[in-house]
DNA sequence: CGCGTTGCCTAACGGTGTTAGGTTAGCGGC
DNA sequence: GCCGCTAACCTAACACCGTTAGGCAACGCG
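What follows is the structure, given as structure tokens:
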């Protein structure tokens, strides 16, 4: 269990990260610029650098928060269900659909792990790894399917009328008993 | 079978797109700017706009070329194998690893289908759809797994020592007989 | 009181995509 | 020969981006 991701930051930095998250989710990725974020806070862009080292650090903070929330949601999903893998996949899809821009930010580029809050990446992955009984290959295959479905859906790569619920169910069924 | 993707463009525009592809693959996505592309061609950025409407049109041309090449490679892979789905997935992974920056460009954002060469998207998808006997849900599940594996691998989301060949094999096996 | 820290500022640098408007070279028709 | 058209380039500028240097005001503390 990681320390709360934001707690490593100064209070003012936490406010900035919270504002950044609102901006990202409400106005999309192109709105997440240092200048627009600063405007939202009533200050100038250069002042942000007093609190966060650079834009990468800001993004890493957002990703840390996202991973932490995923860890919570996934742990709860497993806890409430007796079909843990299916429940996890449902929770995974749900997270991505509720916060598509944050999800994209979290996955679209290589992770700067040195900038993340320590432990959050492992914490987000642990529920699935447990649900596969510790089988890392199995967990990775399920994750790859879920991420592929989510991101292709977010990127509108499936035709408009596609029956994605069915595709999800088939994929989960097929990957369920892999050993 | 679509018309050759580049044939819709003027000869000069084709040269520009070819230079853009080299630049993208050799120097990475941040090198694909109008100014650096122009420099590569010995002209100024504004001159590119005489030949391509804007950067989106340039990217759409690159994506069209990529989809067309995928269509060819996938059709050949099926043709040479008696395990078409496994052969397709191997070809898919191979394409992405050989041209990671183009693959990223092709998949990282919603497609501007109105800017693509007509038919290329369908052509790239057809071999897999055929291999599943026309089962669209099955084809989509396989695609999602393959894309998820590829993009998580490109983004270095798996731990350094991860045995990805095994994960690929397990995923393919599991998704093979989905009905 | 003075000193260091915090939090903001202005101004600037080099980069991005893009547009307006101007110049040159070549070619077909008279 | 020359007119007009087109293709292909140019310079200059706009608004935006991330980032840095250097300055200023307010605060708590010894």
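Chains as they are written, first to last, in UniProt numbering: chain C, 1 to 179; chain Y, 1 to 179. Just so you know, even glycine gets a beta-carbon here, dropped at the ideal spot from N, CA and C.
Compare the C-beta of residue i against all C-beta atoms of chain Y and say whether one is closer than 8 Å.
i: residue 170 (chain C); result: yes
i: residue 2 (chain C); result: Any reading at residue 2 (chain C) is ruled out, since the residue's pLDDT is 48, under 50, leaving its predicted position unreliable.
i: residue 58 (chain C); result: no
i: residue 174 (chain C); result: yes
What is the residue span of the alpha helix (DSSP H) that residue i lies within?
i: residue 81 (chain C); result: Here residue 81 (chain C) belongs to no alpha helix (DSSP H), and DSSP marks it neither H nor E.
i: residue 25 (chain Y); result: 11 to 27
i: residue 121 (chain C); result: 120 to 131
i: residue 156 (chain Y); result: Looking at the DSSP string, residue 156 (chain Y) is not in any alpha helix (DSSP H), and its letter there is neither H nor E.
i: residue 110 (chain C); result: Per DSSP, residue 110 (chain C) belongs to no alpha helix (DSSP H) and is neither H nor E.
i: residue 169 (chain Y); result: 164 to 176
i: residue 31 (chain Y); result: Looking at the DSSP string, residue 31 (chain Y) is not in any alpha helix (DSSP H), and its letter there is neither H nor E.
i: residue 47 (chain Y); result: 45 to 48
Which residues in chain C have a C-beta closer than 7 Å to the C-beta of residue i? List them in chain order.
i: residue 112 (chain Y); result: Residues of chain C passing the Cβ test: none, with the nearest at roughly 11 Å.
i: residue 163 (chain Y); result: 137
Which chain C residues sit within Cβ distance under 9 Å of residue i?
i: residue 155 (chain Y); result: 107, 108, 109, 110, 111
Do you know offhand how far residue i's Cα is from residue j's?
i: residue 168 (chain Y); j: residue 112 (chain Y); result: 30 Å
i: residue 188 (chain Y); j: residue 162 (chain Y); result: Here chain Y has residues from 1 to 179 only, and residue 188 (chain Y) is not among them.
i: residue 110 (chain C); j: residue 92 (chain C); result: 20 Å
i: residue 11 (chain C); j: residue 64 (chain C); result: 16 Å
i: residue 152 (chain C); j: residue 99 (chain Y); result: 19 Å
i: residue 133 (chain C); j: residue 154 (chain C); result: 30 Å
i: residue 20 (chain Y); j: residue 37 (chain Y); result: 6 Å
i: residue 14 (chain Y); j: residue 120 (chain C); result: 46 Å
i: residue 94 (chain Y); j: residue 171 (chain C); result: 23 Å
i: residue 45 (chain Y); j: residue 52 (chain Y); result: 11 Å
i: residue 69 (chain C); j: residue 29 (chain C); result: 20 Å
i: residue 135 (chain C); j: residue 56 (chain C); result: 33 Å
i: residue 5 (chain C); j: residue 117 (chain C); result: 5 Å
i: residue 58 (chain Y); j: residue 87 (chain Y); result: 31 Å
i: residue 149 (chain Y); j: residue 142 (chain Y); result: 11 Å
i: residue 66 (chain C); j: residue 48 (chain C); result: 21 Å
i: residue 137 (chain Y); j: residue 105 (chain C); result: 28 Å
i: residue 40 (chain Y); j: residue 81 (chain Y); result: 41 Å
i: residue 107 (chain C); j: residue 175 (chain Y); result: 24 Å
i: residue 147 (chain Y); j: residue 158 (chain C); result: 13 Å
i: residue 42 (chain C); j: residue 50 (chain C); result: 15 Å
i: residue 102 (chain Y); j: residue 122 (chain Y); result: 18 Å
i: residue 62 (chain Y); j: residue 8 (chain C); result: 43 Å
i: residue 160 (chain Y); j: residue 78 (chain Y); result: 31 Å
Using a Cβ-Cβ cut-off of 8 Å, state whether residue i counts as contacting chain C.
i: residue 148 (chain Y); result: yes
i: residue 158 (chain Y); result: yes
i: residue 74 (chain Y); result: no
List, in chain order, every chain Y residue whose beta-carbon is nearer than 7 Å to that of residue i.
i: residue 86 (chain C); result: Correct list: empty, because the minimum Cβ distance to chain Y is about 15 Å.
Along chain C, in chain order, which residues have C-beta atoms closer than 8 Å to that of residue i?
i: residue 19 (chain Y); result: Per Cβ cutoff of 8 Å: no residues; residue 19 (chain Y) is ~25 Å from chain C at best.
i: residue 167 (chain Y); result: 137, 140, 141, 144
Taking C-beta pairs closer than 9 Å, name the residues in chain Y that residue i reaches, listed in chain order.
i: residue 152 (chain C); result: 107, 140, 143, 144, 147, 148
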